[in-house]
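Residue numbers 2 to 339, in this note's numbering, belong to the letters of the sequence shown in order. Positions of the beta carbon are idealized from the N, C-alpha and C atoms, including for glycine.
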Amino acid sequence: MIILAIESSCDETATALYDGDLASGSGRILGECIASQIETHARFGGVVPEVASREHLAALPPMVDEIMQEAGLGWADIDAIAVTAGPGLMGALLVGVSYARAAGAVHNIPVIPVHHMEGHLLAPGLSGELPAFPFITLLVSGGHTLLVRVDGIGAYSLIGQTLDDAAGECFDKSARLLGLPYPGGPEVARLALKGDAKRFKLPRPMLNKDNLDFSFSGLKTAVMYAVRKAGGSDALDDTARCDMAAAIEASICEVLVKKAVRACRQQNAPRLVIAGGVAANSSLRKLLATYADEVTVFLPEPKHCTDNAAMIAYAAFARLRTGSEASTDWDARPRWPL
Ligand code: KG4
Ligand code: ZN
């Protein structure tokens, strides 16, 4: 079956075409396209919801036309439309949902609402098979930091989460304190490559608490004090900025990796999926590799770690395989627990 997928929950407009075989579960991406709004929002230091909605509205229709044309497909070839229905920015979600609903009504195609985090969670399935159940997923994005036990498609238990800031948010806010542009995660990662992580001492929040929760707001405050002590972000030379970036990255990655491994141990599920934008971080991937004898790690390709529509197509496909019916009784949900 061929699925057209649409993602517009935050600051990327994305479309994808996925061809999946319901019987075997195998499938392939026929095309995908992402338009990032990062440059527009960077001027404001973060995502401006109203601007995001308008950009989605302008970008989405031509992107759908383009992806269908490139794949040589028409509406008659599409068996289902998958769309991110939440969580995310209400106005942004509504653009994708309204488009999907209108196209579905005109062309008589069922529309499947997809939970954005379920898309991230199942993204490793795009490049191979999902791990055997049960497995643990660490979802680390700009808005979420969750540890989820996955017992099957749709059988998700939240076993840990952040009590305040998300890991990606901590990267972004710390980057801003260093005078780096939005989004800060990739910038911090780039500078950290040249930095000495031991020069500045930063805390490892909640690492010694015997639970699976996280807290990153204290780390951001520690970065603020460290920058202030060094004379402010303008006074930092290149070496100090790189050293600080390396310290920030090391702290966030150590906490994430150790807690994720702890979750695998506690749940007796030695298979770990890391997903969400922060999963693109190469230090995180390197640190995880040191636990290879204890935990098998499944990582989506970096382009499928950050927001994309292929993961939305795959999540809809996985749901359809379980026999779940497309319902019409749903709406965009800015807040939607997994
Ligand atoms: O999943 P995502 O694309 O969007 C959300 O749903 O939030 O995640 C975006 C987050 C941002 O906070 C960004 O700074 C972070 O992922 N990020 C990274 C890297 N690439 C993206 N953080 C650390 N290292 C990276 N390489
Ligand atoms: Zn996301």
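Distance between GLU40 and LEU321 (C-alpha atoms, nearest Å): 36 angstroms
Alpha helix (DSSP H) segment containing PRO63, residue limits: 50 to 72
Under 8 angstroms between C-beta atoms of GLY120 and ALA316: yes
Cβ contact check for the segment 234 to 242 and the segment 272 to 287: 3 or more pairs under 8 angstroms: no
Simplified DSSP assignment, three categories, for CYS306: helix
Per DSSP, the bridge partner or partners of CYS34: THR16
Spatial neighbours of ALA6 in its chain, beta-carbon cut-off 6 angstroms, leaving aside the 5 residues before and after: ALA17, ALA83, ALA310, ILE313, ALA314
beta-carbon THR146 near ligand 1 non-hydrogen atom, thresh 7 angstroms: no
Reduced DSSP category for PRO335 - H, G, I as helix; E, B as strand; rest coil: coil
Through-space distance from PHE217 to ALA241, alpha-carbon basis: 22 angstroms
Assigned exposure category for ARG150 - 16 Cβ within 10 Å defines buried: buried
3 or more residues per run - each beta strand (DSSP E) lying fully within the segment 121 to 201: 136 to 141, 146 to 153, 156 to 162
Proximity test, ASP235 beta-carbon vs ligand 2 heavy atom, cut-off 7 angstroms: no
ILE160 beta carbon less than 8 angstroms from that of LEU213: yes
Backbone secondary structure at ILE39 - three-state DSSP: helix
Reduced DSSP category for ILE79 - H, G, I as helix; E, B as strand; rest coil: coil
Own chain, CB closer than 7 angstroms to GLU51, minus 5 neighbours either side, in chain order: GLY92
Contact check, ILE253 vs ALA168, beta carbons under 8 angstroms: yes
Around ligand 2, Cβ to any heavy atom closer than 5 angstroms, ordered along the chain: SER142, ASP308
Runs of beta strand (DSSP E) lying entirely within the segment 210 to 239, each at least 3 residues, in chain order: none
Distance between beta carbons of PRO125 and PRO301, contact taken as under 8 angstroms: 5 angstroms
Chain-order list of residues whose beta-carbon lies under 6 angstroms from that of PRO206 (same chain, five-residue window excluded): SER216, GLY219, LEU220
Local Cβ density within 10 Å of SER27, reported as buried at 16 or more and exposed below that: exposed
DSSP state of ALA6 mapped onto helix, strand, coil: strand
Sequence-distant residues of its chain with Cβ nearer than 8 angstroms to PRO335 (five each side left out): GLY87, PRO88, GLY89, LEU90, MET91, LEU94
C-alpha distance - GLY278 paired with TRP76, whole-angstrom precision: 31 angstroms
Where ARG205 falls: helix, strand or coil (DSSP): coil
GLY143 to VAL274 span [Cα, whole Å]: 17 angstroms
DSSP-derived helix/strand/coil call for LEU300: coil
Nonlocal neighbours in the same chain, by C-beta distance under 8 angstroms from ILE137, ignoring five residues either side: LEU148, VAL149, ARG150, VAL151, ILE160, ALA261, ALA264, CYS265, GLN268, ALA270, ARG272, LEU273, VAL274
Outcome for HIS117 when other beta-carbon atoms lying within 10 angstroms are tallied against a minimum of 16: buried
Cβ neighbour criterion (16 or more within 10 Å) applied to SER25: exposed
Selected residue, minimal CA-CA separation from LYS210, among ASP244, LYS259, TYR292: LYS259
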